[in-house]
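Structure, rendered in structure tokens:
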């Protein structure tokens, strides 16, 4: 007998927002039984996913990521698009807790019938996303959301993982970015497909200068796409000016770049990531915990260097097949 369909499958495919929220919670759970259920659900809905646009957004502190996402999201939702926002909040390194306050900065989008907003804790995962953001993306698409916006925890040298799971990467910066721009340009600008000088209304001259400097800086970097030259646009999330230009740049990108090929490459990368995760779990499960603890003690005691300690590990022995 084939297994029964997961109870969330039908309401999720029907676009039920509560079912989508429950499905993402299931996918984010670390309990083994929930992980198995989540994979069953994903397998049942994956083929139903429709053509979508996945946009990753990041920016310097204070750039107004959430406000900009609301301005863009409301504009798209009013135009008839179904918009999902996956907002990643940083988790405390000490307590593991997260404030999860992104929805409070998107009051109009939160109540829009064409929108769905899901804040999730980063849980210590590097790269500005969570360990299950990819699954959440697929679930949003299965629920019929044609535009999925992924907001990272904030810019930094490691905030690039989102570029490996979205169609294009948007970098938000300020008119007077200055030293902040210098600090992010290598890790982020090399991957940016669209740069947005937000809050351009606060200082138009500085915004023009920032746009020119960003355009010049991008022209000096090796493009990561042979068919797309990153664009720099000005916008104001507060007034709404220029937000439509950002979406026009997104549409120009998706009509120029082979999105299907890019997603196949990302799927292969996802497979490799999961393979490393499973291999690590299997290693810990099959390794003598006491022996590993003794080896760690020798490294901490200075008898071995960390490199020597790791090299002294042997793969667990397996019995005859």
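Numbering (our numbering), first residue to last: 8 to 328. All C-beta atoms, glycine included, are put in the ideal place defined by N, C-alpha and C.
What residues in its chain sit with their C-beta under 6 Å from that of residue i, if we drop five residues either side in the sequence?
i           : result
residue 238 : 201, 256
residue 99  : With a pLDDT of only 37 at residue 99, under 50, the local geometry of the prediction cannot be trusted, and no value is derived from it.
residue 183 : 213
residue 58  : none
residue 306 : 313, 316
Would you list the residues sitting across from residue i in a DSSP beta bridge?
i           : result
residue 202 : 178, 239
residue 63  : 157, 176
residue 124 : 92
Name the residue from the options whose alpha carbon lies nearest to the alpha carbon of residue i.
i           : options            : result
residue 284 : 139, 41, 24        : 139
residue 123 : 170, 290, 180, 23  : 23
residue 35  : 142, 121, 304, 70  : 142
residue 231 : 210, 269, 206      : 269
residue 265 : 291, 274, 234      : 234
residue 17  : 302, 151, 254      : 151
residue 65  : 215, 170, 212      : 170
residue 86  : 154, 208, 27, 75   : 154
residue 111 : 247, 177, 309, 76  : 76
residue 60  : 278, 198, 272, 267 : 267
residue 250 : 58, 51, 74, 282    : 74
residue 181 : 229, 212, 281      : 212
residue 336 : 63, 115, 274, 149  : Because the chain here runs from 8 to 328, residue 336 falls outside it and cannot be looked at.
residue 217 : 247, 246, 179, 198 : 179
residue 68  : 21, 205, 116, 121  : 205
residue 244 : 72, 52, 20         : 72
residue 246 : 118, 53, 207       : 207
residue 51  : 227, 38, 146, 88   : 146
residue 54  : 37, 20, 29, 81     : 20
residue 84  : 115, 203, 58, 236  : 115
residue 37  : 215, 118, 288      : 288
residue 89  : 120, 25, 78        : 120
residue 28  : 70, 92, 11         : 92
By Cβ distance below 8 Å, which residues in the same chain neighbour residue i in space, the five residues on each side in sequence not counted?
i           : result
residue 33  : 15, 41, 44, 45, 48
residue 302 : 311, 316, 319, 320
residue 198 : 167, 170, 176, 231
residue 172 : 61, 63, 136, 140, 141, 144, 157, 273, 277
residue 82  : 247, 250, 251, 254
In its own chain, which residues sit with a C-beta less than 7 Å from the C-beta of residue i, not counting the 5 before and 5 after it?
i           : result
residue 78  : 244, 247, 250
residue 309 : none
Touching by the beta-carbon criterion (3+ pairs, under 8 Å), the region 208 to 228 and the region 257 to 264: Judged by Cβ distances under 8 Å, the region 208 to 228 makes no contact with the region 257 to 264, as fewer than three pairs qualify.
Length at least 4, wholly inside the region 222 to 308: the alpha helix (DSSP H) runs in chain order: Along the region 222 to 308, the alpha helix (DSSP H) occurs as fully enclosed runs of 4 or more residues at 250 to 263, 266 to 293, 296 to 307, listed in sequence order.
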